[in-house]
Amino acid sequence: MDVRNKILTLFAVVLLSTVNYICGQNYNDKLHIDIHYESRCPDSRNFIKNQLVPAYSKIKDKVVLNYIPFGKAYSYNSNNRVRFSCQHGERECDGNVFQACVLDFIGVENQDSQLSFVACAMDFSKNPFNCAQNMGIDLIKINECTNGEKGIQLQIDAEKYSTPHIRRSGFVPTITYNNKYNSIDFWDSLDDFESVVTQKLGNL
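Numbers -24 to -1, 1 to 180, taken from mature numbering (1 follows the signal peptide of the UniProt record, and there is no 0), label the letters of the sequence shown in order.
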């Protein structure tokens, strides 16, 4: 390799490292918002429709949204298999794991797509399967997830992550910021999510 190629290679490595550092830094510097919700919960639907969706375009470049479809559900063992009981019945359990699998498939880095799916799936007049299919999501892979060990693990992880916050709030949905529950922030978020986020962004 001649000197010119060595210099170009070194420059490329330095540039890539810099980009990775900046991207990681930007991710860590953003406000992380967790939305703990249930797939068949009217209050969850109302928050997403009336608070999250209208605010999203104004805050999306400064936040990382994490959707946890689990709520007040809980796991139990039956015939040596992990099963789940949900506040709004078996249909909600199916919806929770379906949304968890789709969100995992989309990836948290694709925030616009995740919100588009959640907003559609939480419109109870629409079929969540159609919401995913219309976005070009591979439903065969989603079906493998929902009916396999991965779907179970996603819900177990959601239970471990969500339950402590849900127990403190006693309500679904529960909104937390940087994985910390604050009663005032939470209740204010249900009424004026954008204002709470704006205030918190000003304190970063």
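The C-beta atom is built at its ideal place from N, Cα and C for all residues, glycine as well.
- The continuous alpha helix (DSSP H) containing I132 extends over residues 125 to 145.
- Secondary structure of Y32 (DSSP, three-state): helix.
- When secondary structure is reduced to three states using DSSP, I118 falls in the helix class.
- Checking the DSSP bridge columns, you'll see L7 partnered with V39.
- In this structure, DSSP gives F60 an extended state, which the three-state scheme calls strand.
- By the Cβ criterion, the segment 81 to 94 is not in contact with the segment 48 to 60, since fewer than three pairs of Cβ atoms, one from each stretch, lie closer than 8 angstroms.
- Taken atom to atom, the span from the alpha-carbon of S165 to that of D19 is near 13 angstroms.
- The C-beta of G65 has fewer than 16 other C-beta atoms within 10 Å across all chains shown, which makes the residue exposed.
- The residue among Q90, V78, N123 with its C-alpha nearest the C-alpha of D114 is V78.
- Annotation for F23: P149, L166 place their beta carbon closer than 7 angstroms to its own, counting only its chain and skipping 5 residues before and after.
- The alpha-carbon separation between L28 and D10 amounts to approximately 12 angstroms.
- Counting along the chain, S51 sits inside the beta strand (DSSP E) bounded by residues 50 to 54.
- With distances taken between CA atoms, K6 lies nearest to N42 out of P30, K117, N42.
- For C121, the closest C-alpha among the options S61, T174, G71 is that of G71.
- Boundaries of the beta strand (DSSP E) harbouring I151: 150 to 153, taken from the DSSP string.
- Classified as buried, K176 has 16 or more neighbouring CB atoms from the shown chains inside 10 Å of its CB.
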